[in-house]
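Below is one structure, written out as structure tokens, with a few remarks after it.
Numbering (mature numbering (1 follows the signal peptide of the UniProt record, and there is no 0)), first residue to last: -25 to -1, 1 to 224.
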């Protein structure tokens, strides 16, 4: 975790002088570091091809969908704790109460979060992170930034990943083997969940980097409550709406 935090700090320091938004009101992308970002994207693709994708394929082959859903729910419940902290940081009492109730219900009645009992009760997931907290207090997003292994971000959100790491309960697991096993399992589960998105990209995109960058930025923009056009929302929905996992990849 310390190595990851050091890397995030280094990535953030690269462009601390930047102050403009990654996407402006007209939807233009602010990507002054595109050459560097494309290089990092190519690196990520190479690591994914050699490491994460094969592991994710093996994971989906060995474990049936109900097990994978339970794993996803478990880590989702842990991430809700960070969302709760950021809702409190944002003085968002309404969503703080909702997220707290969700965590309690899923932890107590969902066997530690393995079962998502809150969503059927109408308490759907609310995602907040430290990047959204910074945005809440007026910090601009800064340029787009492709992070090694972590993927698309912005300068502000990249910096926000540092405190977010300390808000994760996994950080405080004392046993190194257990902690890194949880980190690895979460990474593999997350990669497995991206197979449907990967299929969409391969079928529709001639420039995978630009497609991921633009759609991620618009998706993030929507998360933070900035109005976007109906056409933009349709494109985002088409790319980010989850699809059932196929049996083979």
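C-beta atoms are modelled at their ideal positions from N, C-alpha and C, and glycine is treated no differently.
Item: Kindly indicate which residue of 23, 94, 133 has the alpha-carbon position closest to the one of residue 55.; Value: 94
Item: Given residue 98, which residues of its chain have a CB within under 8 Å of its CB, disregarding the five upstream and five downstream residues?; Value: 73, 76, 77, 80
Item: Is residue 142 helix, strand or coil by DSSP?; Value: helix
Item: Taking 7 Å as the threshold (C-beta atoms), are residue 47 and residue 198 in contact?; Value: no
Item: Taking the alpha-carbon of residue 36 as reference, which of 18, 170, 106 has the nearest alpha-carbon?; Value: 170
Item: What residue range does the beta strand (DSSP E) around residue 126 cover?; Value: 126 to 129
Item: Report yes if the C-beta distance between residue 61 and residue 104 is below 7 Å; otherwise report no.; Value: yes
Item: Please classify residue 186: does DSSP put it in a helix, a strand, or coil?; Value: helix
Item: Closest to residue 166 by C-alpha separation, out of 7, 31, 100, would be which residue?; Value: 31
Item: Along the chain, where does the beta strand (DSSP E) that runs through residue 157 open and close?; Value: It is not in any beta strand (DSSP E) - residue 157 instead sits in the alpha helix (DSSP H) that spans 151 to 168.
Item: Assuming residue 145 contacts residue 160 (C-beta within less than 8 Å), just tell me the rounded distance between them.; Value: That pair is no contact at about 10 Å.
Item: If you measure between the beta carbons of residue 12 and residue 96, is that distance less than 7 Å?; Value: no
Item: By the three-class DSSP mapping on this structure, what secondary structure does residue 82 have?; Value: helix
Item: For the region 106 to 114 against the region 170 to 185, do three or more pairs of beta-carbon atoms, one drawn from each stretch, fall closer than 8 Å, so that the two count as touching?; Value: no
Item: Count the other CB atoms, across all protein chains shown, that sit within 10 Å of the CB of residue 196; report buried if there are 16 or more and exposed otherwise.; Value: buried
Item: Might you give, ordered along the chain, the residues of its own chain that have their beta carbon closer than 6 Å to the beta carbon of residue 132, omitting 5 neighbours on each side?; Value: 106
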